[in-house]
Amino acid sequence: MTPDQQTQTPTGQTPGTEHWQERFGASMMRTLATPLAMLVRGEGCYVWDETGKKYLDFLAGIAVNSLGHAHPDLVAAVTEQVGRVAHVSNYFSSPPQLELAERLKRITGAGEAGRVYFCNSGAEANEAAFKLARLNTGGGKRTRILSLHESFHGRTMGALALSGKPAMRKAFLPVPGGVEHIHTTIKALEEAIDGTVAALFLEPVKGEAGVIDLPAGFLRRARELCTRRGVLLIIDEVQTGAGRTGAWFAFQHDGITPDAITIAKGIGGGLPIGALVTYGATSELFSRGQHGSTYGGNPLVTATSNAVLGVIERDGLVANAARRGEQLREIIARFTSPQITEVRGRGLLLGIGLADPVALPLAAAALAEGLIVNAANESTIRLAPPLIVGDAELADFEHRFGLALASL
Numbered sequence: 048m049t050p051d052q053q054t055q056t057p058t059g060q061t062p063g064t065e066h067w068q069e070r071f072g073a074s075m076m077r078t079l080a081t082p083l084a085m086l087v088r089g090e091g092c093y094v095w096d097e098t099g100k101k102y103l104d105f106l107a108g109i110a111v112n113s114l115g116h117a118h119p120d121l122v123a124a125v126t127e128q129v130g131r132v133a134h135v136s137n138y139f140s141s142p143p144q145l146e147l148a149e150r151l152k153r154i155t156g157a158g159e160a161g162r163v164y165f166c167n168s169g170a171e172a173n174e175a176a177f178k179l180a181r182l183n184t185g186g187g188k189r190t191r192i193l194s195l196h197e198s199f200h201g202r203t204m205g206a207l208a209l210s211g212k213p214a215m216r217k218a219f220l221p222v223p224g225g226v227e228h229i230h231t232t233i234k235a236l237e238e239a240i241d242g243t244v245a246a247l248f249l250e251p252v253k254g255e256a257g258v259i260d261l262p263a264g265f266l267r268r269a270r271e272l273c274t275r276r277g278v279l280l281i282i283d284e285v286q287t288g289a290g291r292t293g294a295w296f297a298f299q300h301d302g303i304t305p306d307a308i309t310i311a312k313g314i315g316g317g318l319p320i321g322a323l324v325t326y327g328a329t330s331e332l333f334s335r336g337q338h339g340s341t342y343g344g345n346p347l348v349t350a351t352s353n354a355v356l357g358v359i360e361r362d363g364l365v366a367n368a369a370r371r372g373e374q375l376r377e378i379i380a381r382f383t384s385p386q387i388t389e390v391r392g393r394g395l396l397l398g399i400g401l402a403d404p405v406a407l408p409l410a411a412a413a414l415a416e417g418l419i420v421n422a423a424n425e426s427t428i429r430l431a432p433p434l435i436v437g438d439a440e441l442a443d444f445e446h447r448f449g450l451a452l453a454s455l
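Residue numbering for the sequence shown follows my numbering, starting at 48 and increasing by one per position.
So, in structure tokens, the structure goes:
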């Protein structure tokens, strides 16, 4: 008897998952649509639903599951640490917490002057960064914070204020003030950044907008202008960090140093963790009691993150993301469908641009073929497979996505 058979009823369904759609509708807050499937198990780049159907996961929990599913090093780290001590309050420290802070300072390039604040999500990291920006007052002259149109930084109130999506903010107005959204052009940067600006927030790739790249030279020009005007350059690496774009962090492709970055998602491999990392003099802005988190940086999540980042480093998964991303682009280029117009993004965060607004039915067709992808918007399919993806999974993607395309 296979492990799958051992965990299923005679009808092939995992016990306890009967009528799950109705149970979801009756018990879960109505902030989400009914989920696409009930997933009960994962291994590597694959997951299984309650009926035993197998899916190739090319979304990785929206760029979260860096090591795929049930990676032995992640399982071992969680098991060992939860058996030792899972949580202590922020009145105390723990060895995994300090190890992770030192590791993040190293791989981000923040160095000795860098500092790390731990929290539980990308939105929380951006909330901390928002407060950090408010401390760059310039003697009271700096009252403006800039962000980009169509950006996304989270759904909590401060992160929502930073996000350049008016439709998301509409039901919750007024959001925290002082944020202005500018167009993603070098000209707009040059016109907006002056001595009244405290910080510029940006994503190096706009993931939720459809995996949209910044214009060539944009990040370098932003760094020049922010340095000249005393503005904090804060980069949201929540979706792009932890090796996903073929560098540890996407800003590193441009050879610049930010003043702060926010990270989450892929550094935890599936456990909730976020962080704000500061550079240079920015590390001196926060003082005792100005921010905090009950769970942030506890031993369980930091031990797990250390294991995840350790595997990424040991197994060369940053370079793998770069190489497999190029292979994935080549695969997409081989499809003859007139719907595919372009591929955006970098490494293993890619957006397939479509000629028509068919992303939702295409993602549904892919799911029917056992492939998990995401319609980032009506005309973009987002791909974010685990960093462990290899030749076999890429070939499987080509087969399954080809069938989905043909079904249109």
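Glycine residues also receive a C-beta, built at the ideal position from the N, C-alpha and C atoms.
Check the C-beta distance from residue i over to residue j and give it rounded, since I have them as a contact under 8 angstroms.
i	j	result
Thr203	Glu227	19 angstroms between Cβ atoms; not a contact.
Thr388	Ala369	Contact doesn't hold; Cβ gap of about 24 angstroms is too wide.
Leu356	Arg150	6 angstroms
Gly317	Gly394	Rounded, the Cβ-Cβ distance is 20 angstroms, inconsistent with contact.
Ser334	Arg162	Not really, about 12 angstroms apart at Cβ, beyond 8 angstroms.
Val420	Leu106	6 angstroms
Thr309	Ala172	4 angstroms
Gly313	Gly288	6 angstroms
Ser352	Leu147	5 angstroms
Starting from residue i, follow the alpha helix (DSSP H) in both directions and report where the run begins and ends.
i	result
Ser454	Asp438 to Ser454
Ile192	Looking at the DSSP string, Ile192 is not in any alpha helix (DSSP H); the run it does join, the beta strand (DSSP E), is Arg191 to Leu195.
Ile367	Reading the sequence as shown, one finds Asn at residue 367 and not Ile. Looking at the DSSP string, the run of the alpha helix (DSSP H) that includes Asn367 is Leu364 to Arg381.
Asn424	Taken as a continuous stretch (DSSP letters only), Asn424 belongs to no alpha helix (DSSP H), being part of the beta strand (DSSP E) at Asn421 to Asn424.
Val244	Taken as a continuous stretch (DSSP letters only), Val244 belongs to no alpha helix (DSSP H), being part of the beta strand (DSSP E) at Val244 to Leu249.
Phe177	Gly169 to Arg181
Thr351	Pro346 to Arg361
Thr274	Phe265 to Arg276
Ile17	This structure does not reach residue 17, given that the chain is present from 48 up to 455, and the question cannot be answered.
Excluding five sequence neighbours on each side, which residues of the same chain lie with their C-beta closer than 7 angstroms to the C-beta of residue i?
i	result
Ser384	Leu452
Met48	Low local confidence applies: a pLDDT of 37 at Met48 is under 50, so the model's placement there is unreliable, and no value is given.
Gly303	The question names Gly, yet the displayed sequence has Ile at residue 303. Contacts found: Leu266, Arg267 and Arg270.
Ala354	Asp120, Leu121 and Ala124
Arg381	none
Ala413	Val420, Arg447, Phe448 and Ala451
Taking only the alpha-carbon atoms, compute the straight-line gap between residue i and residue j and give it to the nearest angstrom.
i	j	result
Leu179	Ser210	17 angstroms
Ile233	Arg267	10 angstroms
Glu377	Gly400	15 angstroms
Leu455	Val405	9 angstroms
Gln128	Gln144	12 angstroms
Leu418	Lys188	52 angstroms
Gly339	Thr325	16 angstroms
Leu364	Leu441	15 angstroms
Arg456	Leu182	Lying before the first or after the last residue shown, residue 456 is absent from the chain, which here runs from 48 to 455.
Thr341	Phe139	11 angstroms
Gly321	Ser113	15 angstroms
Gly185	Ile259	33 angstroms
Asn137	Thr349	13 angstroms
Thr155	His66	46 angstroms
Met76	Gln68	13 angstroms
Arg275	Ala311	29 angstroms
Starting from residue i, follow the beta strand (DSSP E) in both directions and report where the run begins and ends.
i	result
Val222	Where Val222 is concerned, there is no enclosing beta strand (DSSP E), given that its DSSP letter is neither H nor E.
Gly130	Looking at the DSSP string, Gly130 is not in any beta strand (DSSP E), and its letter there is neither H nor E.
Cys166	Arg162 to Cys166
Gly321	Gly321 to Thr325
Lys152	Note, Lys152: premise wrong, no beta strand (DSSP E); alpha helix (DSSP H) at Pro142 to Thr155.
Which same chain residues, not among the five before or five after residue i, have their C-beta less than 6 angstroms away from its C-beta?
i	result
Tyr164	Ala175 and Leu323
Glu416	Arg447, Leu450 and Ala451
Glu97	Gln60, Thr61, Thr64, Met85 and Val87
Pro433	Cys92, Ala107, Asn112 and Gly115
Arg216	Leu207 and Val222
Asp104	Cys92, Val94 and Ile419
Whose C-alpha, out of the options, is nearest the C-alpha of residue i?
i	options	result
Gly397	Val358, Gly264 and Ile428	What sits at residue 397 in the sequence shown is Leu, not Gly. Looking at the Cα atoms, Ile428 is the closest of the given residues.
Ala256	Ala294, Glu197, Gly344 and Thr78	Glu197
Ala157	Cys273, Leu434, Phe296 and Asn424	Phe296
Ala411	Phe248, Pro262, Pro82 and Val390	Pro82
Ile229	Ile192, Leu220 and Lys217	Ile192
Cys273	His300, Val285, Arg291 and Leu236	Leu236
Val285	Asp301, Leu409, Glu69 and Gly315	Gly315
Ala110	Ala350, Asp438 and Ala423	Ala423
Val358	Phe71, Gly290 and Asn137	Gly290
Arg371	Ala148, Ala218, Ile282 and Leu430	Leu430
Gly392	Gly277, Lys253, Glu445 and Thr126	Lys253
Ile240	Ala148, Thr190 and Gln386	Thr190
Pro319	Arg153, Arg77, Ser168 and Gly225	Ser168
Glu445	Leu407, Gln374 and Pro408	Gln374
Asp301	Pro262, Ala366 and Asp443	Pro262
Asp438	Glu360, Asn367, Pro408 and Thr78	Asn367
In its own chain, which residues sit with a C-beta less than 8 angstroms from the C-beta of residue i, not counting the 5 before and 5 after it?
i	result
Glu90	Gly115, His116 and Ala117
Ala133	Asn345, Pro346 and Leu347
Leu279	Leu179, Ala180, Asn183, Ala245, Ala246, Leu247, Cys273, Asp306, Ala307 and Thr329
Pro223	Phe177, Met204, Gly205 and Ala208
Gly72	Thr81
Would you check whether the ligand PLP has a heavy atom nearer than 7 angstroms to the C-beta of residue i?
i	result
Ser113	In the structure shown, the ligand PLP is absent, as is every other ligand, since no ligand is present at all.
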